[in-house]
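Enquirer: Here the working numbering is used: the first residue of the sequence shown is 1, the next is one more, and so on. Heads up, the beta-carbon is just placed ideally off N, CA and C, and yes, glycines get one too. This is the structure I want to talk about, given as structure tokens.
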Amino acid sequence: MFRFLASRVVKGVVVLLAIAVLNFALIRAAPGDPATVMAGEAGAADEVFVQQLRERFGLDRPMIEQLGLYLKGIVTFDLGFSYRQGRSVASLIGERLPATLLLTGSAFVISLLFGTALGALAARRAGTWSDTAITTTALLFYATPLFWVALMSQIVFSLKLGLVPNVGYETIGAGYTGLARVLDILHHLILPALTLGLFFTALYARMMRASMLETAGADYVRTARAKGVAPGLVTRRHIARNAILPVVTLAGLQAGQIVGGAILTETVFAWPGIGRLMFEALAQRDYQVLLGVFFVSSAMVVLFNLITDMVYRVVDPRIQVGG
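Next comes the structure, spelled out in structure tokens:
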């Protein structure tokens with residue numbers, strides 16, 4: 001197991017460095033000059049001032065030199081300095097990351113629990129009205145754009161019914177502390193977490209249903225039934241435990257994509273996470289912040305994939321993890 005973990009960590013580091021180089025090249029190839037944008041906002045867009053800004057932030061150096069400095073910073077855990085915010089990129093991301101992890105983690109847990117439960121229910125009642133209702137609803141949410149769901153949920157549950165807040169991380173100016181602040185944050189979390197989790201709930205439900213129906217026809221399941229094992233026990237031990245493996249694989253791969261979906265969700269709900277930070281940095285041509293967010297997001301994807309491999313051993317100990 002130790003050799004496997006060490007091998008995966010080394011591979012993950014190589015992947016992250018390759019992603020860092022690719023992100024750097026793509027960001028630099030994008031149109032727009034951050035020095036020109038800053039000079040224009042400062043009301044002094046003459047060439048001398050623009051050149052001074054380029055020199056100040058190292059934008060006048062050769063591209064390969066900028067890449068070398070960027071990679072050196074990554075190796076030393078230095079994500080650079082935001083010339084727009086006047087702060088280190090690491091501190092900016094550190095402030096926003098907990099909010100993103102809270103949102104994406106909640107959405108992930110909600111989608112996985114409800115998705116597998118609804119998929120299992122649909123599989124056990126295949127061909128009935130409940131199966132049709134679950135699969136139809138799942139298909140509807142799977143095909144609906146995330147931003148439309150976010151906007152409609154705001155209109156219905158917040159503006160019309162007034163059940164939950166429509167924007168923000170917590171009530172501004174309320175001065176809540178302790179448990180009251182936690183409950184206030186959770187109250188604001190309900191709508192964005194459910195909105196973000198709906199798409200993945202539909203995906204896991206469809207996957208779980210198909211996997212359980214396929215597993216139900218396996219020889220070992222028919223043997224267990226022939227031996228007189230209780231139906232509920234057959235479902236839990238023989239069908240669900242094996243059928244959930246493809247869902248675990250998909251969940252591990254989709255976990256990183258939830259961060260991408262959080263960009264839209266955080267923007268619509270004014271949630272102060274790294275997705276919204278990336279959107280703001282893109283509008284401001286703040287390259288260092290963009291690269292920092294991309295790198296942290298990539299690291300989260302690599303970490304989720306490693307965790308997925310570990311979960312495989314818990315779900316089914318018969319699976320041997322190789323290098």
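For a quick check, are the C-beta atoms of residue 294 and residue 278 less than 9 Å apart?
Expert: The sequence position of residue 294 within the sequence shown is 294, counting from 1. The sequence position of residue 278 within the sequence shown is 278, counting from 1. Cβ distance < 9 Å, so residue 294 and residue 278 count as in contact.
Enquirer: Alpha carbon to alpha carbon, what distance is there between residue 168 and residue 184?
Expert: The residue you call residue 184 lines up with position 184 of the sequence shown. The residue you call residue 168 lines up with position 168 of the sequence shown. Using only the alpha carbons, I get a separation of about 11 Å.
Enquirer: Leaving out the 5 sequence neighbours to the left and right, which residues in its chain are closer than 7 Å to residue 240 when beta-carbon positions are compared?
Expert: Counting from one through the sequence shown, the residue named residue 240 turns up at place 240. Once the five neighbours on either side are set aside, the close Cβ partners of residue 240 are 120 and 212.
Enquirer: Between the segment 189–198 and the segment 103–112, do three or more beta carbon pairs fall short of 8 Å?
Expert: Enough Cβ pairs lie closer than 8 Å, so yes.
Enquirer: Taking just the CA atoms, how far does residue 299 sit from residue 323?
Expert: Here residue 323 is taken as the residue at index 323 of the sequence shown, counted from 1. Here residue 299 is taken as the residue at index 299 of the sequence shown, counted from 1. Note that residue 323 scores 45 on pLDDT, short of 50, meaning its location in the model is unreliable; the coordinates nonetheless yield the value given after this. In a straight line, the C-alpha of residue 323 is about 20 Å away from that of residue 299.
Enquirer: Taking C-alpha atoms, which residue in 15, 262 and 128 lies nearest to residue 99?
Expert: The count along the sequence shown starts at 1 and reaches residue 99 at position 99. Comparing Cα-Cα distances from residue 99 to each of 15, 262 and 128, the minimum goes to 262.
Enquirer: How would you write the range of the alpha helix (DSSP H) that residue 178 sits in, first residue to last?
Expert: Residue numbering aside, residue 178 sits at position 178 when the sequence shown is read from its first letter. Its alpha helix (DSSP H) spans residues 178–215.
Enquirer: The alpha helix (DSSP H) that contains residue 131, what's its start and end?
Expert: The residue given as residue 131 occupies position 131 in the sequence shown. It spans 129–143 - the alpha helix (DSSP H) in which residue 131 sits, taken as one unbroken run.
Enquirer: Could I get the ranges of all uninterrupted beta strand (DSSP E) runs contained in the segment 53–134, with 3 residues as the minimum, in chain order?
Expert: Entirely contained in the segment 53–134, not one beta strand (DSSP E) run reaches 3 residues.
Enquirer: Just mark residue 321 as buried or exposed, buried being the case when its beta carbon has 16 or more other beta carbons within 10 Å.
Expert: Within the sequence shown, numbered from 1, the residue matching residue 321 stands at position 321. Bear in mind that a pLDDT of 48 at residue 321, under 50, signals an unreliable position, so the number given afterwards is only what the model happens to contain. Burial call: exposed.
Enquirer: Do you know whose CA, among 247, 103 and 206, lies nearest residue 143's CA?
Expert: One-based indexing of the sequence shown puts residue 143 at position 143. Nearest of 247, 103 and 206 to residue 143, Cα basis: 206.
Enquirer: With a cut-off of 8 Å on the beta carbons, I'd call residue 91 and residue 289 a contact; round off their distance for me.
Expert: Here residue 91 refers to the residue found at position 91 when the sequence shown is read from its first residue. Here residue 289 refers to the residue found at position 289 when the sequence shown is read from its first residue. Going by Cβ atoms, the distance from residue 91 to residue 289 rounds to 11 Å, so no, they are not a contact pair.
Enquirer: Does DSSP classify residue 170 as helix, strand or coil?
Expert: The residue you call residue 170 lines up with position 170 of the sequence shown. Looking at residue 170 - three-state DSSP - the assignment turns out to be coil, as it is neither helix nor strand.
Enquirer: What did DSSP end up calling residue 270 once you bin it into helix, strand or coil?
Expert: Within the sequence shown, numbered from 1, the residue matching residue 270 stands at position 270. It is coil, neither helix nor strand.
Enquirer: Measuring CB atoms only, is the segment 238–253 touching the segment 303–310, in the sense that at least three cross pairs come out at less than 8 Å?
Expert: Contact between the segment 238–253 and the segment 303–310 is present, because at least three Cβ pairs lie under 8 Å.
Enquirer: Inspect the beta-carbon positions of residue 199 and residue 147 and report whether they are closer than 9 Å.
Expert: Here the question's residue 199 lines up with position 199 in the sequence shown. Here the question's residue 147 lines up with position 147 in the sequence shown. No, the pair does not count as a contact, with Cβ atoms beyond the cut-off.
Enquirer: If you reduce the DSSP assignment to three classes, tell me which class residue 175 lands in.
Expert: Residue 175 sits at position 175 when you count from the first residue of the sequence shown. Of the three classes helix, strand and coil, the one that applies to residue 175 here is coil, per DSSP.
Enquirer: Return the Cβ separation of residue 208 and residue 115 in integer angstroms, given the expectation that the two are a contact with Cβ distance under 8 Å.
Expert: Locating residue 208 in the sequence shown gives position 208, counting from the first residue. Locating residue 115 in the sequence shown gives position 115, counting from the first residue. About 6 Å separates the two Cβ atoms, so the contact holds.
Enquirer: In the DSSP assignment, the alpha helix (DSSP H) including residue 147 goes from what residue to what residue?
Expert: If you number the sequence shown from 1, residue 147 lands on position 147. Segment 146–153, the alpha helix (DSSP H) holding residue 147.
Enquirer: Give me the Cα-Cα distance between residue 20 and residue 151, rounded to the nearest whole angstrom.
Expert: Here the question's residue 20 lines up with position 20 in the sequence shown. Here the question's residue 151 lines up with position 151 in the sequence shown. Going from the Cα of residue 20 to the Cα of residue 151 covers about 34 Å.
Enquirer: Could you check where the alpha helix (DSSP H) with residue 237 kicks off and where it finishes?
Expert: Along the sequence shown, read from residue 1 onward, the residue named residue 237 stands at position 237. Unbroken run through residue 237: none, as it is neither H nor E.
Enquirer: If you check the beta carbons only, do residue 196 and residue 267 fall under 9 Å apart?
Expert: Indexing the sequence shown from 1 puts residue 196 at position 196. Indexing the sequence shown from 1 puts residue 267 at position 267. In this structure, residue 267 does not lie closer than 9 Å to residue 196 by Cβ.
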